[in-house]
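Those protein sequences? They're chains F and A, same order as listed.
Under numbering that gives the first Met the number 0, think of the first position of the first sequence as 0, with each following residue one higher.
Under numbering that gives the first Met the number 0, think of the first position of the second sequence as 0, with each following residue one higher.
The C-beta atom is built at its ideal place from N, Cα and C for all residues, glycine as well.
Quick caveat: nothing in here was measured; it's all calculated off a predicted structure.
The block underneath contains the structure these notes are about, expressed in structure tokens.
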Amino acid sequence: MARFNVLEHQMVPEHYLLSLEEEKEVLKQLNITRDQLPKLRMSDPAVRILRRIETDVKEGRIVRIIRESQTAGQTIIYRLLIRG
Amino acid sequence: MTRGISKTIDSIKFGLISPDEIRKMSATKVITADTYGDDGFPIELGLMDPHMGVIEPGLRCKTCGKRVEECPGHFGHIDLAMPVVHVGFIKDIKKLLQGTCGSCGRLLLTNEEIKEYMELISKTKELGADAIDMSVLTKDIAKDAATRRICPHCGAEQLKITLDKPTTFREAGHKLTPKEIRERLERIPDGDLPALGINPKTARPEWMILTSLPVPPVTVRPSITLESGDRSEDDLTHKLVDILRINQRLRENRDAGSPQLIVEDLWELLQYHISTYFDNQTAGIPPARHRSGRPLKTLVQRLKGKEGRFRSNLSGKRVNFSARTVISPDPILSINQVGVPEAASRELTVPFRVTANTIDLAKEMVRRGPSPEGVKYIPGVNYVIRPDGRRIKVTERNRETVSENLTIGSTVERQLMDGDIVLFNRQPSLHRMSMMAHEVRVMPHKTFRFNLCVCPPYNADFDGDEMNLHVLQSEEARAEAKIIMRVQENILSPRFGGPVIGGIHDHISGAFMLTYKNPLFTEDESVRILSKVKLLDLPEPSEIIDGVEYWRGKELFSLILPNDLNMSFRSSICEKCDVCTREKCEYDAYVRIKEGKLLVGTIDENAIGAFKGKLLDKIARDYGSDAAREFLDQATQIALGAIMVRGFTTGIDDEDIPKEAQNKIEAMLEDAKKEVDDLVQAYHDGLLEPMPGRSLEETLEVRAMSVLGRARDEAGQIAGQFLGMDNAAVRMARSGARGSMLNLSQMAGSIGQQAVRGERLSRGYWGRTLPHFKEGDLGSEAKGFVKNSYKSGLEPTEFFFHSMGGREGLVDTAVRTSRSGYMQRRLINALEDLKVIKNGRVVNTAGTIIQFLYGEDGTDPSRSVQGDAVRVDDVLREVLGDEVTDEMIELSMAGYGTYDRDMESFDTDEFDIENDEEGGD
Ligand SMILES: [Mg+2]
Ligand SMILES: [Zn+2]
Ligand SMILES: [Zn+2]
Ligand SMILES: [Zn+2]
């Protein structure tokens, strides 16, 4: 079966796994604790692809999502990986 | 008024109540199923035992000694002869039975697995999981445990446990009694419970099996005395009587050593009564009924649904200081005002504190009493609240003495007066503009009155609509309402960044008559028009013809424009010519305002209308809400002045067209009919070429629809040629005041094809719509084409077809409103706890970020220019001046095109009042 990569689809925004150092930086810059971040489930199709590319994709890691925004042109958001 | 000690709630903990606790908090044991004795007094140890509180005035509670109003009521309890399952916890009991060992009671996971799961739980919690996430996790753990066939602790084999709805558990087919279930649950050690999402300190699982039942205080289930003198008991009391009776019989039979079968039957009956006592709509149980056949309202029914405690008494309540009556229009009022009837004003009060500064005023007001006499309305006082909290009703008789004795520190509840801030609301409250703050104007007669510009946000008309009014009771509330809820602060809508409040109907017709082709007005007329606004001086006359002074309409309108206003835009009457000649537009459709002077163009819907008013939008944005309110008040007044000076009327003769035009339309429709007949013939002969992706039948339908659609448009066009700008109906349609050219062409030309679900009519009889036609007739008349106009009148068949099309419209609106109501409710439930905090983030009450920057660009849509934070055109214009930028803007006109289209979609659908007119109000 040919495997389909959702990240290559034009409607799917870019997903990046943050390194541990980046995580620290981002949390400091946002001045929040990890649990305040919006969530992203491990079962999310984009995360499943991410697991193929990156090592150590697990609960508690942070994903940076860059997407086109109708109002702001481009917007960067962060999501916390959780169970499910 | 005495107040208790106030405490702040720090947190709320939910748990299970243990049998010990039930007995401990019980004021009395309930044994007898009887309520009242022959003497009419409640029986001791009965369901109405005075230890559980009192409901009759005069009696005292036997627990706390207080009277009716003061005693809050006290719980009692029933000791059950045999344990019974609590229906509300069926799912949890199942989870526990299946996930734990039948013999040793341990969780069916190894100690290492439990440890791992506990770590997972604490980590998930750490990552900000909410209650739902946690319950999913613990459910997954329980599911995992339920798969084990052998207990890892004692090695016992696990039998399959199934739930026989609603309350029976079976182990490999053998029935488990509640007693056995309770014993099993008791065996589960505290340490294994957290992994299943249970805190053993607040909820031991065996408490889910009832051994004693709390009896709610009598104040919760008061009996009522009917006129006949008979007592009628509450549904809960009825249910408790059943429980007590069966409990008693069960105990007797068990103690007497009756056959197991009889005991089991009674036990099951007790289970039934207790299950329905909690929830009388449990699936699989027939609901307990009254003798009349009405199902009993038990505990769950009291709480659940629209009429339940939560939605009907806690989320929404009936309130004091409010009024409701029919609304009617008053074009003289400012948009900020609301006219309140005197009768309502006398009932509604505003409290104010008596201080050294206000005591003289307060005494004077109290002296007036509750109904001051006089031609003019002056506010009186209904109540005085003394510093000790005692509330005194001011009457005609005591007003003098109450006034004399008034002291500093009292509160006076004075009647409504001009200038008070109130909230005004029309249901359905679909957006924030459905509830706005208005200033009171006390007026004679019995309706609430407000300016017509405020109709669109409330979606109000005056065909019997009623509205609610709420009087604010604190200084903070009044300040807040005035700053953020006042009508003038809501002119610009957050939905699309344009005005929702603006001129409608005659405002637009009037403005059109004042400015279109710049008419002349005599001194008398000009003074009449300007007298509507508070402009003291008549300007220099624009023209003097034969020694008579005349004023130009555009100059009169310019008087109310800000002096430094510069802008240009196209009027609603714009013909959308291929090349716009702008200032030289022959239709006077290009508006140019320079230095506050209207040079050319017609003021119509595109200037001052709600939703589309560009002029109004610019003034609200650039000059602030005060200026916008003043402009809107004055523009509408001046427009009404113009319409009253000139007069304006429309009637069916506005749709009169000459005989020749009628003949032309007739001939054209005949041609169209022929064309359809030819298509049908071609279809029958098999000569019709099918369109790509469509069947032959579909092709015929599509072609016929397009031919007939074109025919109606052509009829409209022929009629339109004879309906010029001198025609009042056309003026209204073109200026955007009311109606459309389509409406007119349907009145003068032809109504056109009637459709259901976008297709020509086809249902009714076998192979035909009506018995007037032959079976299989596919011609235009047989399939719902109405060639007549509303004016010429419809044939009987046409009338029937028109009703078919009309019915679909009615059904659509009915379905749409109920669906959008439910959608609104779900949306509110999802968004109600979200807020934007200082740094622009959107967070929920748990502090979780929903959006890193509100709307991703941090822009308040009501401060935006049609959604954009800034409009570059406006900035350029301000810096470079009008002339230079015009050309540049011409290049970017494509952008305006989309904007205009967006705007058009707003008013046609949602705010079309036509849809309402058929219904009640
Ligand atoms: Mg109405
Ligand atoms: Zn009491
Ligand atoms: Zn075991
Ligand atoms: Zn034009």
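Identity of the residues DSSP links to residue i by a beta bridge
i                      : result
residue 550 of chain A : A:520
residue 278 of chain A : Note: residue 278 of chain A sits in no beta bridge, so no partner.
residue 636 of chain A : According to DSSP, residue 636 of chain A bridges with nothing at all.
residue 384 of chain A : A:390, A:410
residue 336 of chain A : A:438
residue 28 of chain A  : A:76
residue 759 of chain A : A:754
residue 542 of chain A : A:549
residue 167 of chain A : A:163
residue 78 of chain F  : F:62
residue 322 of chain A : A:468
residue 214 of chain A : A:75
Length of the line joining the Cα atoms of residue i and residue j
i                      : j                      : result
residue 161 of chain A : residue 13 of chain A  : 28 Å
residue 940 of chain A : residue 353 of chain A : With chain A running from 0 to 920 in the structure shown, residue 940 of chain A is simply not present.
residue 644 of chain A : residue 591 of chain A : 26 Å
residue 690 of chain A : residue 424 of chain A : 54 Å
residue 593 of chain A : residue 818 of chain A : 48 Å
residue 78 of chain A  : residue 211 of chain A : 4 Å
residue 317 of chain A : residue 289 of chain A : 30 Å
residue 46 of chain F  : residue 17 of chain F  : 13 Å
residue 236 of chain A : residue 46 of chain A  : 7 Å
residue 618 of chain A : residue 487 of chain A : 12 Å
residue 897 of chain A : residue 71 of chain F  : With a pLDDT of only 44 at residue 897 of chain A, under the threshold of 50, the placement of this residue in the model should not be trusted; the figure read from the coordinates follows. C-alpha separation (whole angstroms): 19 Å.
residue 376 of chain A : residue 623 of chain A : 34 Å
residue 6 of chain A   : residue 29 of chain A  : 34 Å
residue 783 of chain A : residue 864 of chain A : 45 Å
residue 599 of chain A : residue 372 of chain A : 55 Å
residue 303 of chain A : residue 310 of chain A : 8 Å
residue 402 of chain A : residue 464 of chain A : 41 Å
residue 13 of chain F  : residue 53 of chain F  : 14 Å
residue 114 of chain A : residue 25 of chain F  : 32 Å
residue 66 of chain F  : residue 73 of chain F  : 6 Å
residue 678 of chain A : residue 687 of chain A : 7 Å
residue 80 of chain F  : residue 60 of chain F  : 6 Å
residue 8 of chain A   : residue 195 of chain A : 28 Å
residue 647 of chain A : residue 727 of chain A : 7 Å
residue 892 of chain A : residue 566 of chain A : Unreliable placement is indicated for residue 892 of chain A, whose pLDDT of 48 sits below 50; the coordinate value is still reported in the next sentence. If I take the Cα positions, the gap works out to 15 Å.
Option in the options with minimal Cα separation from residue i
i                      : options                    : result
residue 108 of chain A : A:503, A:192, A:695, A:504 : A:192
residue 434 of chain A : A:68, A:454, A:576         : A:454
residue 71 of chain A  : A:220, A:181, A:113        : A:220
residue 293 of chain A : A:468, A:280, A:631, A:388 : A:280
residue 604 of chain A : A:558, A:514, A:679        : A:514
residue 522 of chain A : A:540, A:532, A:511        : A:540
residue 803 of chain A : A:254, A:758, A:273        : A:758
residue 82 of chain F  : A:114, A:122, A:57         : A:122
residue 98 of chain A  : A:151, A:119, A:125, A:126 : A:151
residue 213 of chain A : A:277, A:204, A:234        : A:277
residue 40 of chain F  : A:725, A:127, A:334        : A:127
Assumed close pair residue i, residue j - CB separation to whole angstroms, cut-off 8 Å
i                      : j                      : result
residue 749 of chain A : residue 711 of chain A : 5 Å
residue 18 of chain A  : residue 84 of chain A  : Their Cβ separation, rounded to whole angstroms, is 14 Å, which puts residue 18 of chain A and residue 84 of chain A out of contact at 8 Å.
residue 26 of chain A  : residue 51 of chain A  : 6 Å
residue 231 of chain A : residue 223 of chain A : 5 Å
residue 11 of chain A  : residue 76 of chain A  : Going by Cβ atoms, the distance from residue 11 of chain A to residue 76 of chain A rounds to 24 Å, so no, they are not a contact pair.
residue 721 of chain A : residue 657 of chain A : 6 Å
Proximity test, Cβ basis, 8 Å: residue i and chain D
i                      : result
residue 855 of chain A : Among the protein chains in the structure shown, which are F and A, there is no chain D.
**Asked** Between the stretch 109 to 142 of chain A and chain F, which residues of the former have a C-beta closer than 8 Å to a C-beta of the latter?
**Response** Correct list: 119, 122, 123, 125, 126, 127, 128, 132, 135, 136.
**Message:** So if I threshold CB-CB distances at 9 Å, which residues from the stretch 19 to 43 of chain F count as touching chain A?
**Reply:** Taking a C-beta cut-off of 9 Å against chain A, the contacting residues of the stretch 19 to 43 of chain F are 29, 30, 31, 32, 33, 34, 35, 36, 37, 38, listed in chain order.
**Request:** Give the residues from the stretch 479 to 500 of chain A that approach chain F closer than 9 Å (Cβ to any Cβ), ordered along the chain.
**Result:** From the stretch 479 to 500 of chain A, no residue has a Cβ closer than 9 Å to chain F.
**Asked** Name the residues in the stretch 54 to 79 of chain F whose C-beta lies less than 7 Å from a C-beta of chain A; which are they?
**Response** Under the 7 Å Cβ criterion, the stretch 54 to 79 of chain F contributes 58, 59, 68, 70, 71, 74, 76, 79.
**Request:** Compile a chain-ordered list of the residues in the stretch 811 to 843 of chain A whose CB is closer than 7 Å to at least one CB of chain F.
**Result:** The stretch 811 to 843 of chain A vs chain F, Cβ under 7 Å: nothing.
**Request:** Would you list, in chain order, the members of the stretch 608 to 638 of chain A that have their beta-carbon closer than 8 Å to a beta-carbon of chain F?
**Result:** None of the residues of the stretch 608 to 638 of chain A has a beta carbon lying less than 8 Å from any beta carbon of chain F.
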